[in-house]
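Student: Counting from 1 along the sequence shown, just add 56 to a position and that's the residue number in my numbering.
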Amino acid sequence: MPPTIPPTRPALLALRQFGQAAKRWFSRPSRPRASSADLTGRESSGDLIRRKRLKVTLIAAVLGLMSAAIELPLPAEEWLRAARATYVRDKAPPQDIVLIAIDDETLNAIGKPFPTRSHDAAVFDAVFAAGVTRLGYDRAHADLEDPVDDARFLEALKAHKGKIWLGASPSFSTPWREMAAIQPNPAFRPYTNMALMIGGGDPFGFSVRFPTFADVEGASLPSLSAVLAGYSGKPRWYRPNYAFNPNKIPTLSYLDVLEGRFDPATLKGRAAIIGMTGLEVRDFHIMQGRGKIPGVYFHVIGAHTLREGLPIDLKWYPAMVVTLLALAAQLVLQRRSRNVLWMTAGGLLLAQFALEEMGIGTDVLSGVLALAGASIGLRQIARKYLSAEVDAFTTSALPLEKLQSEQDVYALKIGNLSELSEDWDSSQMGEFIANLIDFIKGPGEAHEVALDKDLLIWLAPRLARGVLEKHADGLAMMLKMAIAHDGYATGSAPALGIDTHYDLALGQRIKKAIQAADEASSKGIRFIINDAAYLEARQHKLEMLRVLEKGLRDRRIGVGYQPKVDLASGRIVGAEALIRWQPDGAHFVNPQELVLTAEAHDMINDLTLIVMDVALKDARRALAVDPGFKLAVNMSAKSLSDTDFLFDMMTLLGRHHFPGRNLTLELTETAKLDDAGIAAQIKALQQRHISLSIDDFGTGQSNLEYLETVPSHELKIDKRFVQGLATSEESKAIVRATIEIAHSLGKVVVAEGVESEAIAAELRTMHCDMGQGYHFAKAIRMEELVEIMRKRLAA
57 MPPTIPPTRP ALLALRQFGQ AAKRWFSRPS RPRASSADLT GRESSGDLIR
107 RKRLKVTLIA AVLGLMSAAI ELPLPAEEWL RAARATYVRD KAPPQDIVLI
157 AIDDETLNAI GKPFPTRSHD AAVFDAVFAA GVTRLGYDRA HADLEDPVDD
207 ARFLEALKAH KGKIWLGASP SFSTPWREMA AIQPNPAFRP YTNMALMIGG
257 GDPFGFSVRF PTFADVEGAS LPSLSAVLAG YSGKPRWYRP NYAFNPNKIP
307 TLSYLDVLEG RFDPATLKGR AAIIGMTGLE VRDFHIMQGR GKIPGVYFHV
357 IGAHTLREGL PIDLKWYPAM VVTLLALAAQ LVLQRRSRNV LWMTAGGLLL
407 AQFALEEMGI GTDVLSGVLA LAGASIGLRQ IARKYLSAEV DAFTTSALPL
457 EKLQSEQDVY ALKIGNLSEL SEDWDSSQMG EFIANLIDFI KGPGEAHEVA
507 LDKDLLIWLA PRLARGVLEK HADGLAMMLK MAIAHDGYAT GSAPALGIDT
557 HYDLALGQRI KKAIQAADEA SSKGIRFIIN DAAYLEARQH KLEMLRVLEK
607 GLRDRRIGVG YQPKVDLASG RIVGAEALIR WQPDGAHFVN PQELVLTAEA
657 HDMINDLTLI VMDVALKDAR RALAVDPGFK LAVNMSAKSL SDTDFLFDMM
707 TLLGRHHFPG RNLTLELTET AKLDDAGIAA QIKALQQRHI SLSIDDFGTG
757 QSNLEYLETV PSHELKIDKR FVQGLATSEE SKAIVRATIE IAHSLGKVVV
807 AEGVESEAIA AELRTMHCDM GQGYHFAKAI RMEELVEIMR KRLAA
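#1: Assuming residue 423 contacts residue 378 (C-beta within less than 8 angstroms), just tell me the rounded distance between them.
#2: So, at 6 angstroms on beta carbons, what are the nonlocal neighbours of residue 254 in its own chain, with the 5 sequence-adjacent residues on each side left out?
#3: Using a Cβ-Cβ cut-off of 6 angstroms (strictly less than) and excluding sequence neighbours within five positions of residue 113, which residues of its own chain qualify?
#4: In angstroms with no decimal places, state the Cα-to-Cα distance between residue 134 and residue 183.
#5: Ignore the nearest five residues each way along the sequence and tell me which others in residue 208's own chain have a CB closer than 6 angstroms to its CB.
#6: Mind checking whether residue 535 and residue 527 have CB atoms under 9 angstroms apart?
#7: Nearest-angstrom Cα distance between residue 831 and residue 687?
#8: Could you tell me the distance, in whole angstroms, from the CA atom of residue 677 to the CA atom of residue 708?
#9: Mapping the DSSP letters down to three states, classify residue 87 as helix, strand or coil.
#10: Among 303, 242 and 330, which one has its Cα closest to the Cα of residue 312?
#11: Can the beta-carbon of residue 690 be found closer than 9 angstroms to that of residue 632?
#12: On the three-state DSSP scale, how would you describe residue 293?
#13: Output needed for residue 716: all residues of its chain with C-beta closer than 7 angstroms, excluding positions within five of it in sequence on either side, in chain order.
#14: For residue 722, does the count of other Cβ atoms within 10 angstroms reach 16, so buried, or fall short, so exposed?
#15: Which whole runs of the alpha helix (DSSP H) in the region 569–617 are 4 residues long or more, in chain order?
#16: Taking the C-alpha atoms as reference points, what is the distance between residue 389 and residue 576?
#17: Should residue 643 be listed as close to the ligand PLP, given that the test is whether its C-beta is under 8 angstroms from any heavy atom?
#18: Comparing alpha-carbon positions, which option in 675, 602 and 704 lies nearest residue 657?
#19: Let me confirm a value: residue 683 is counted as buried when at least 16 other C-beta atoms fall within 10 Å, else exposed. Which label applies?
#20: Could you tell me which uninterrupted alpha helix (DSSP H) segments, each at least 4 residues in length, are contained entirely in the region 194–248, listed from first to last along the chain?
#21: Determine the extent of the beta strand (DSSP E) in which residue 514 is found, giving its start and end residues.
#22: Taking Cβ to Cβ, would you say residue 170 is nearer than 9 angstroms to residue 332?
#23: Give a yes or no on whether the C-beta atoms belonging to residue 240 and residue 196 are separated by under 9 angstroms.
#24: Reducing DSSP to helix, strand and coil, say where residue 316 ends up.
#25: Given this structure, state the Cα-to-Cα distance separating residue 648 from residue 617, to the nearest angstrom.
#26: In the DSSP assignment, find the unbroken beta strand (DSSP E) run with residue 343 in it and report its ends.
#27: Taking the alpha carbon of residue 290 as the reference point, which residue from 122, 654, 367 and 272 has its own alpha carbon closest?
#28: My output table needs one value for residue 368: the three-state DSSP class, helix, strand or coil.
#29: Over what stretch of residues does the alpha helix (DSSP H) that includes residue 705 continue unbroken?
#30: Measure the C-alpha to C-alpha separation of residue 739 and residue 798 and round it to an integer number of angstroms.
#31: Would you list, in sequence order, the uninterrupted beta strand (DSSP E) runs of no fewer than 3 residues that lie entirely inside the region 147–180?
#32: Would you call the region 802–811 and the region 761–781 touching, i.e. three or more CB-CB distances under 8 angstroms?
#33: Cβ of residue 583 within 9 angstroms of Cβ of residue 529?
#34: From residue 695 to residue 720, what distance separates their C-alpha atoms?
#35: Would you kindly check if the distance between the Cβ of residue 299 and the Cβ of residue 272 is under 9 angstroms?
#36: Tell me, to the nearest whole angstrom, how far the beta carbon of residue 554 is from that of residue 586; I am working on the premise that it is less than 8 angstroms.
Shown next, in the form of C-alpha cells:
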C-alpha cells in the first residue's frame, strides 16, 4: 500500500501524479528494464550496504569473543566492580565479627615486630573469657621461638582446643621461585585448627579472591573467611563483596585486649580474628575509593560475603549471548538507528547492579565493547552510504569502479529545497524526497538514486545526444511543474547536470554531473550536458581565470581609449578607458569575458583598480593638451558600497595628481542597488567633484529607478537602441524620450554605438550631447588619441 500523503502538502500529491504521467510519457515498451546489477555488472547499493553491515557485525562479534576469551577488559571490569561496590552499594557490615588489630601502637608498646607467643596466649585467654565463639589468627606460627613463650602458647592452645584456627598456605611455584607449604609448627598442630590465609588478586590489584577450601599437604582446609562465617559448603574461589565498608568493621587494639582495656560485651558471642595492621606490614591491598587496606580486613569482608551466600560468577558468557542476539537483531531488522545496540550495552551495565545485589557476578565489558564497535562501524556506514536527513543512499553507495558505456550520470539540484521544506517536519521531508526518487526512477529508468545535500544523483541508460537533450528538457520541465506549489517561485528550483564521459570512473563522473547541475542552477537554465563541448567551454573559462589572475598579479592589463565627441562641435571632450589586452603577445582577450570572469570570482574591484591606475597615468598627457578632458572608467555599481575600494581609488588619484573633476565613473550593474548602503560613499565622491555616469541605460538595472537612486551627472544610452535609429521607429522614440528625460533632470546624454554619420546626424537633431562609437574611432592608444586632439585643436 503506498504511503499516505499529508493533505497539507499538495506538492507530494502533485509529484506522484506527475511521476505517473512521466512514466507513461517516457515509457519505452520495446526496451525491457534492466536491474541495477545488469547495468553495472556489480552488486546494488542495497546489497553493498548489507554486505558492509554484515562485515562490521561479524568483526565486532569476533573481536568481542576474543577479548572475552583472553579476558582483555579484566582490569577495567574489576575496577568498575570495585567502584560500584564502593560508591554505589556501600554498606556497613554486621557487627558479629571483631578484628583484633596488631597495630602500630601495639608494636611500639611491646618493642618487637610481632607479639611474643606469651602475648598471644594472654590475648587468647582474654577473648575467650569475654565470650568469643571462635578465633582466627592471620599468622601460621610455623617456627619455634623462646621455649618459655612457646610453652605458654601451647598451654593456651590446649585450653581452647577446637576454637582457634592458625594460618596455613599451600605450596606453589612460579617461573621464578617455588614456595613450600606453610603450616603451624608440628608441636602446635595437635591442639589447633588450621585455616587458609592465602588469597589471589588480579594483575592490577583492583580485586582479591579467596578460596572457601583448599588442599594443604593432602588435607582440605577452610579459609579464614570460611571459618569466621561458619561456611561448610563446596570448595570454590569467590570475590569478597567490596560493598562492605572496612572502616565500619568493629575493631579492638591488640594492646587494649592484652592489657584488659576493653568492654567484654564487644566480644561476647562473636567471632574474632587477629591480624597485623601496622604500617610496616607488607600485607596491604588497594580497595577502590578507600586506599590501602590491611589484608586481614579482607578476610572479615569475605566472611560477611559468605554469610550472604556464596557468590556466583557467571563470567562473560551471559553477556556475550545477549550481545550476539542484539547484533543479530540489528542485522536482521536492518534499521539505520543503532538504539538497540546502545540500549543493550546500557542494559548490560545496569544489570550488574541488580545481579551483584543478588550475589551474582558477570563480566560485560567484552560485550559492551563489541556493541560499541558495531555501533560505531554501522554509524560510519550510515554516514558514508545513507543520507542523514531522509531514507536515501549517498553517492558513496554507488559503485566507484569504471562503468559500462551504457549509462549516463544525472545530477538534479533543487536550488530552493530549503525554502520548499521550511514548514515541513522530517517525515514530510522524507516522503517528499522518497516520492521525488520514485518519480525519477520512472522516466529515467534509474535503479540507484543517491541523495547528497540538495542533489539527487542517479544512473540511467545511455541515450543519443539528440534524444538525451529532449529527455533532459522534458524531465526538467516536469520536475519544475511538480515541485512548484503553494505560491513558491520555481524559476531556479530544479536544474539537471548530465555527464556523458563514459570512459571515466563513476566518482569522477558524479563530480562532473554535479558541476554541470550547479552551473545550470546558477545560470537559471533547465539542464547542462557535460560532454566534450561543455568541457572545452569550461577549460576556456579556467584559462580565462588563469590569464586574469596572472594579469592582476603582474599588474599588466592593457587599456585602450575610445573618444567621446561633442556632437555639436565635433571636439573630443573625453575618452572611455576600455580593456584592450594581449597577454604574452597572444590574441586580444575578449574584454566582456574577462570582466564576467572577474565578477564571478570576486576580482572585479582588483581589475577596476589596475585599469584605473593605467588610465590615470596615461590621461595626464591628455590633460596637458586639454585641461577639460574627462576620463571615464567603468565601475560596478556594487563597488560603491565597498569603502576599501573607494579608499584605494582616492589613493590612485593622489598618486597620479589627477583632479577628481576630470574623472567620470561609469556605473554598470545588472543587480539592484541598495541605495541606503551607498549614500555616504556617493557624498564622498561628490565632495571630490568626481562625476557619475549611468552606463547602458535602458538595460538590466540601469533604468528609471537608477535615475532616482544614483545622483549622476551623465547618462549613456545603450548601443542597441542607438544602432536601431536607422531602422526602427521604436528605437527613435526610446532614444528621443530618454534624451528629453535626462535633459529635464539636468544630465548630459552620451549615445554609445554611433557607427555612421546618419546616426550621428539623427542624434544631433534630438539634441544629444555627446557620441561614442566606431564612426569616430575605435579604442586606441593614448599616444594616438593625444595626437588627434592636438591636430583638431590646431585646425
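Beta carbons are placed, not taken as given, at the ideal position from N, Cα and C, and that holds for glycine.
These numbers were taken from a predicted model, which means no experiment stands behind them.
Tutor: For this structure:
#1: 7 angstroms
#2: Shown here for residue 254: same chain residues with a beta carbon closer than 6 angstroms to its own, the five before and five after excluded, namely 225 in chain order.
#3: Excluding sequence neighbours, residue 113 sits near 383, 387 and 430.
#4: 37 angstroms
#5: 174 and 177
#6: no
#7: 20 angstroms
#8: 16 angstroms
#9: Confidence at residue 87 is low in this model, with a pLDDT of 36, below 50, so its placement is unreliable and the value that follows should be read with caution. Residue 87 falls in the coil class under three-state DSSP.
#10: 330
#11: Contact flag set, yes.
#12: In this structure, residue 293 counts as strand in the three-state DSSP scheme.
#13: 709, 744, 745 and 746
#14: buried
#15: 588–610
#16: Going by the C-alpha atoms only, they are around 41 angstroms apart.
#17: Of ligands this structure carries none, so the ligand PLP is not represented either.
#18: 602
#19: Per the 10 Å Cβ criterion, exposed.
#20: Fully enclosed alpha helix (DSSP H) runs of 4 or longer: 203–215.
#21: 511–517
#22: Yes, Cβ-Cβ distance for residue 170 and residue 332 is below 9 angstroms.
#23: Cβ distance < 9 angstroms, so residue 240 and residue 196 count as in contact.
#24: coil
#25: 16 angstroms
#26: 340–343
#27: Per the Cα distances, 367.
#28: strand
#29: Taken as a continuous stretch (DSSP letters only), the alpha helix (DSSP H) holding residue 705 covers 699–711.
#30: 21 angstroms
#31: 153–158
#32: yes
#33: yes
#34: If you take the alpha carbons of residue 695 and residue 720, they lie about 15 angstroms apart.
#35: no
#36: 6 angstroms
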